[in-house]
Structures are given as structure tokens and as C-alpha cells.
Amino acid sequence: MISGIRGTHDILPGDVERWQLVERIARSLCDRYGYVEVRTPIIEKEELFAKGTGEATDIVQKEMYSFTDKGGERITLRPEATPSLVRAYVEHSLEHALPFAKIFTMGPMFRYERPQKGRQRQFHQFDVEVFGISDPAIDAEVIDLAWSLVSELGIAQAELVINSVGCAACRPKFNEALLAALGEDLPKLCEDCQRRAKLNPLRIYDCKVPADQPIIDRLPHAIDYLCEPCKTHFDGVRAHLDAFGIPWKISHRLVRGLDYYTRTTFEVLGQTLGAQNAILGGGRYDGLVKQLGGPDRVGIGFAAGIERLVLALPEGVKEPKPARVFVVALGETTRGEALKLLRELRAAGIAAEMEFEARSLKAQLKRADRVEAAIALIVGGDELARGEVTLRDMRKSEQRAVPRASVLETVRDSL
Ligand code: HAM
40 MISGIRGTHD ILPGDVERWQ LVERIARSLC DRYGYVEVRT PIIEKEELFA KGTGEATDIV
100 QKEMYSFTDK GGERITLRPE ATPSLVRAYV EHSLEHALPF AKIFTMGPMF RYERPQKGRQ
160 RQFHQFDVEV FGISDPAIDA EVIDLAWSLV SELGIAQAEL VINSVGCAAC RPKFNEALLA
220 ALGEDLPKLC EDCQRRAKLN PLRIYDCKVP ADQPIIDRLP HAIDYLCEPC KTHFDGVRAH
280 LDAFGIPWKI SHRLVRGLDY YTRTTFEVLG QTLGAQNAIL GGGRYDGLVK QLGGPDRVGI
340 GFAAGIERLV LALPEGVKEP KPARVFVVAL GETTRGEALK LLRELRAAGI AAEMEFEARS
400 LKAQLKRADR VEAAIALIVG GDELARGEVT LRDMRKSEQR AVPRASVLET VRDSL
């Protein structure tokens, strides 16, 4: 047997209904909030992520699935959706095509990480992005959408953490302050942090090495170095969240592991997920569109890990299936009629199933139970001759004869 690849998962019946529920609610929220769907390819040029996600990030340094294709081009399986959506926005001038550049996408992402609970190498994101709006009200709308997703899915004990990482004007001062505060301690930090200190000192906050933590805990906080416009913006975001009644906490360590963030960053943490506790994360990226060759448009968005949403769902919660009918053929001679009825039901929009091998009535009703059919329609020779079929209510175990000619209406009324 050839097994699946480490860090990837098959999503099987029993679990897939939980995915369907998450996907339906995510789509419904996007409809209600005015976000339209965009689907981009899974493969992109490697440079899109090197430039977009950022050279200093762990994703680009260690986790990308990249290869050279037969034409000699460097290709990457997308590790996140944001750079692809920015590319599509720029490439198709979506700022003109759409009334508001508010978009979403869902699909698989790929990161070569160490697999564990809530962390896969192929995982799935529901991703939301907005381009061209700088008012803090849009930050609050995006956070509100994220928070509503978690609430409507019934995920209890979720926690919203926010921070501001400043902009191109105030970041250099913060980076300077970080390096100054590190001082003599810098050589004591891990190798990754040494690299981060050179490329983007803010990234030091991503470090998970236990020995480094006491030093990192003493470092200055980004929100103490915000310039006036960034401070006013962050105050605005918090005021909107308060007005919406969405509870938030500041997390000074929330600089997020991607290089493009400016100003607002946020995550929703789940209490039941263990070490990989971020259900979703996002923030503002005001320089990214321009950096990727587009117009000077700001951006904000978030992505939720669908695996993590599914893990955090209350037990037993799943997408309900439509009530179904099971057609039972009594004897070989009625099979043709039974198959015709099966097809009529399906064409009329009713979910219907049938046994394909000749079996006893008892065996067929047992199968009807297994598919959780609400109704069985029993097609027998004598009944057919009278222009009738037998309708059996599977829940009540009651049955009655109904005219064949009006069976679709009767079924519809009884489901
Ligand atoms: P991220 O924090 O790297 O942000 O990923 C967002 C979410 O994807 C995480 O909170 C987590 O739920 C899920 N996730 C990430 N890696 C894995 C993994 N290996 N296994 C399972 N789930 C995972 C981004 O990707 C940004 N593009 C979000 C964003 C959109 N920022 C602005 N717009």
C-alpha cells in the first residue's frame, strides 16, 4: 500500500460534514459583509512569496515547497494566500473591476513544518482581504467578520488579541530600540534571532526557543513607539471594537510571523487547541500592494485555519444532510419501475437512494436505516398493478398506500 504523505490528511465522511459547515458559514458571512470570492492557482512564482511573505520569515527561510519546473522556472506551492490575492488584484486591476475590493478565498496551503495536532504540511485557509481602505472602521469590520465566524460556529472560550506594529515611519525607531535593549544579550540569543536582528529585528518576537524567552520578555513594546497617525489609528480600531462589544486584549508579542504587517495585527486564540492555538490571524499590510508592483493601496485581512476551526467546533456539530428517500424494489419485475421512480425523485430535487443488488425486503429496509432515510417507497408488483406504491415512514415504522401518480407531491409533503 502507498500511504499519504506525512503532514497531509484525507478528510473522510463523518469529518467532512464538519468542514462543510465551516465552509458554508464562512461563505454566508462573506455574502453578508460584501466580500466576493476570488480563486487563484496553488502554484506561483517563488519570488512572489520571497518578496511578499518576506525573506526574513521562517516561511520563506525554511518552509516553502519550491521546485524548478521543466521550463527552468522556480515555482512554489503557496504557503499562504495573501501574496497571491495581491498579485491577482494588481494583475487584473480589480480596484476598477470591483465596487469595493473586498475579497475572500478558501483552499489548501503548503508549509514544510513539523506536523503535530493542528499543524499540517498541507492545510486549508479561509482568507479575507480588503484593498484600498485605510479608515480604522475597516480594520474593525475585518476583525468583526473573524469574530462572527468563531461565534457563529459556536466555538467557546475564544480570545481576541490585538497589537499595532507601526508603519515605515515609526518602525525604524522601534527596531533601534529593540537592538539597543538587546545590547550585550544579542549574542546569547539563538542563531535564528541573530539572523532576525540583521534582517528585521521585530521578527525576534517570533522566537519560540525557551532559553531566549526571558531576554525577549524584557524587550520594548511596539505600541510605545507608534507615531501619531499610527497611534490615532490604533485608538480608532479599539474604539470601534468596544462599540461592537467585541472583547479584546493587547498582546505585545503579537508581531505575526510575516514581514508585510503594518499597524493593526490580531489573532483569535482557541483554548482547546493545545500548542497550535491560533485559530486565525491577520493584520494590515499598507505597503505590500506597491511592493508587489501595484498601485499605492493599503490592505488588511486575515486567514483562518480550517483544520483548526474544525478542531475547535463543539463535539457532534456538523452540516445537516437533507432528508432522504430509499426506494425498495420487491422482486425482479419491479426493478425497472423502482429505478424510474428513483430518477424522478432525484430530478424533483429529492435526495434518494436504492439498493443495486436484488435483496430481501428486510435487507433493503436495513440499508434504508443505515442511510438514515426518512421515507422508504416500496414498489411491489400488486401495488403497481393497482397504480400505487407503499410509503413507509422510517421513524414511526408506519406505512400506507399512496397513488403512484402523485407520489412525488406526497413525499415532498411528508419529508
Ligand atoms: P498565518 O498566521 O501564517 O497568516 O496563518 C493563518 C492561520 O492559518 C493560522 O492562524 C492557522 O490557523 C492556520 N495555519 C497556518 N499554518 C498552519 C499549519 N501548518 N497547519 C494548520 N494550520 C495552519 C497568514 O497566512 C496570513 N496570510 C493571514 C493574513 C491575511 N494576513 C493578512 N491577510
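So for the sequence shown, the working numbering puts the first residue at 40; every next one is plus one.
Just so it is clear, CB atoms sit at the ideal spot from N, CA and C, and this is done for glycine as well.
Name the one or two DSSP bridge partners that residue 161 has. In the DSSP output, where bridge partners are listed per residue, residue 161 has 149.
Nonlocal neighbours in the same chain, by C-beta distance under 7 Å from residue 170, ignoring five residues either side: Once the five neighbours on either side are set aside, the close Cβ partners of residue 170 are 128, 134, 140, 328, 336, 338.
Can you grab the Cα-Cα spacing for the pair residue 92 / residue 366, in whole Å? Roughly 55 Å separates the two Cα atoms.
At a cut-off of 6 Å, is residue 162 close to the ligand HAM when judged by its beta-carbon and the heavy atoms of the ligand? At least one heavy atom of the ligand HAM is nearer than 6 Å to the Cβ of residue 162, so yes.
Can you tell me whether residue 248 is buried or exposed? The criterion is at least 16 other CB atoms within 10 Å of its CB, across all chains shown. With fewer than 16 other beta carbons inside 10 angstroms of its own, residue 248 counts as exposed.
If you compare alpha carbons, which of 160, 69, 240, 426 is closest to residue 166? Of the candidates 160, 69, 240, 426, the one whose C-alpha sits nearest the C-alpha of residue 166 is 69.
Checking the sheet assignment: what are the DSSP bridge partners for residue 129? DSSP, once it has assigned bridges, lists no residue as partnering residue 129.
Are the region 213-221 and the region 258-270 touching by the rule of at least three beta carbon pairs closer than 8 Å? Contact holds: three or more Cβ-Cβ distances are below 8 Å.
Between residue 159 and the ligand HAM, is the CB less than 6 Å from at least one heavy atom? At least one heavy atom of the ligand HAM is nearer than 6 Å to the Cβ of residue 159, so yes.
Could you say which of 309, 58, 46 lies nearest to residue 194 if we only look at CA atoms? Residue 194 has its Cα closest to that of 309, out of 309, 58, 46.
Alpha-carbon to alpha-carbon, residue 94 and residue 311: Straight-line Cα distance between these residues: approximately 32 Å.
Check each candidate in 238, 451, 72, 242 and name the one with the smallest Cα separation from residue 180. With distances taken between Cα atoms, residue 180 lies closest to 72.
If the criterion is Cβ atoms closer than 7 Å, does the pair residue 292 and residue 324 meet it? No, the Cβ-Cβ distance between residue 292 and residue 324 is not below 7 Å.
Go ahead and label residue 107 buried or exposed: buried means 16 or more other beta carbons lie within 10 angstroms of its beta carbon, across all protein chains shown. In the assembly as shown, residue 107 is an exposed residue. Its beta-carbon has fewer than 16 other beta-carbons within 10 Å.
Given 8 Å as the limit, is there contact between the region 383-392 and the region 225-241, that is, 3 or more CB pairs closer than that? Because the criterion of three Cβ pairs below 8 Å is not met, the region 383-392 and the region 225-241 do not touch.
Start-end ranges of the beta strand (DSSP E) lying completely within the region 61-103, minimum 3 residues: Given a length threshold of 3 residues, each whole run of the beta strand (DSSP E) inside the region 61-103 is given here in chain order: 82-84.
Rounded C-beta distance between residue 192 and residue 352? I'm assuming under 8 Å. So it is a contact: roughly 6 Å between Cβ atoms.
Give me whichever residues DSSP pairs with residue 317 in a beta bridge. In the DSSP output, where bridge partners are listed per residue, residue 317 has 308.
For residue 163, does the count of other Cβ atoms within 10 angstroms reach 16, so buried, or fall short, so exposed? With 16 or more Cβ atoms within 10 Å of its Cβ, residue 163 is classed as buried.
Taking the beta strand (DSSP E) that residue 441 belongs to, which residues open and close that run? Its beta strand (DSSP E) spans residues 437-442.
Taking the alpha-carbon positions, what's the residue 376 to residue 418 distance? If I take the Cα positions, the gap works out to 8 Å.
Any contact between the region 199-209 and the region 267-279? By contact I mean 3 or more CB pairs, one from each, below 8 Å. Touching, yes, given that three or more Cβ pairs across the two stretches are closer than 8 Å.
Considering only residues of the same chain and omitting the five flanking positions on each side of residue 456, which have a CB-CB separation below 7 Å? The question about residue 456 has no answer, for the chain in this structure spans 40 to 454.
Would you kindly check if the distance between the Cβ of residue 144 and the Cβ of residue 296 is under 7 Å? Contact annotation: residue 296 and residue 144 have beta-carbon atoms that are not nearer than 7 Å.
What residues in its chain sit with their C-beta under 8 Å from that of residue 369, if we drop five residues either side in the sequence? If we look at residue 369 and ignore the five residues flanking it on each side, its Cβ neighbours are 400, 417, 418, 419, 420.
For residue 262, which three-state DSSP category applies? The answer is helix: DSSP assigns residue 262 an H, G or I state.
Close beta carbons around residue 43, own chain, < 7 Å, minus the five adjacent residues each side: Cβ neighbours of residue 43 within its own chain (closer than 7 Å, five residues either side excluded): 49.
Can you check which of these residues, 53, 115, 158, 109, is closest to residue 314 by C-alpha distance? Checking every option, the nearest Cα to that of residue 314 belongs to 158.
Between the alpha carbons of residue 422 and residue 428, how many angstroms are there, rounded? Here the alpha carbon of residue 422 sits roughly 6 Å from the alpha carbon of residue 428.
Straight-line Cα distance separating residue 266 from residue 358: When the Cα atoms are used, residue 358 and residue 266 turn out to be separated by approximately 47 Å.
So, for residue 198: in the same chain, excluding its five sequence neighbours on each side, which residues have a beta-carbon less than 6 Å away from its beta-carbon? The answer, listed in chain order, is 308.
Tell me whether residue 319 counts as near the ligand HAM, meaning its Cβ is closer than 6 Å to at least one heavy atom of that ligand. The answer is yes for residue 319.
What do you get for residue 347, buried or exposed, if any count of 16 or more other CB atoms within 10 angstroms of its CB means buried? By the beta-carbon neighbour count (other beta carbons within 10 angstroms, threshold 16), residue 347 is buried.
Residue 422: CB within 6 Å of a non-hydrogen atom of the ligand HAM: Because no heavy atom of the ligand HAM lies under 6 Å away, the Cβ of residue 422 does not count as near it: no.
What I want to know is whether the C-beta of residue 342 ends up closer than 6 Å to one or more non-hydrogen atoms of the ligand HAM. Distances taken from the Cβ of residue 342 to the heavy atoms of the ligand HAM include one shorter than 6 Å.
Would you say residue 154 and residue 284 are within 7 Å of each other, going by their C-beta atoms? Going by beta carbons, residue 154 and residue 284 fall outside the 7 Å limit.
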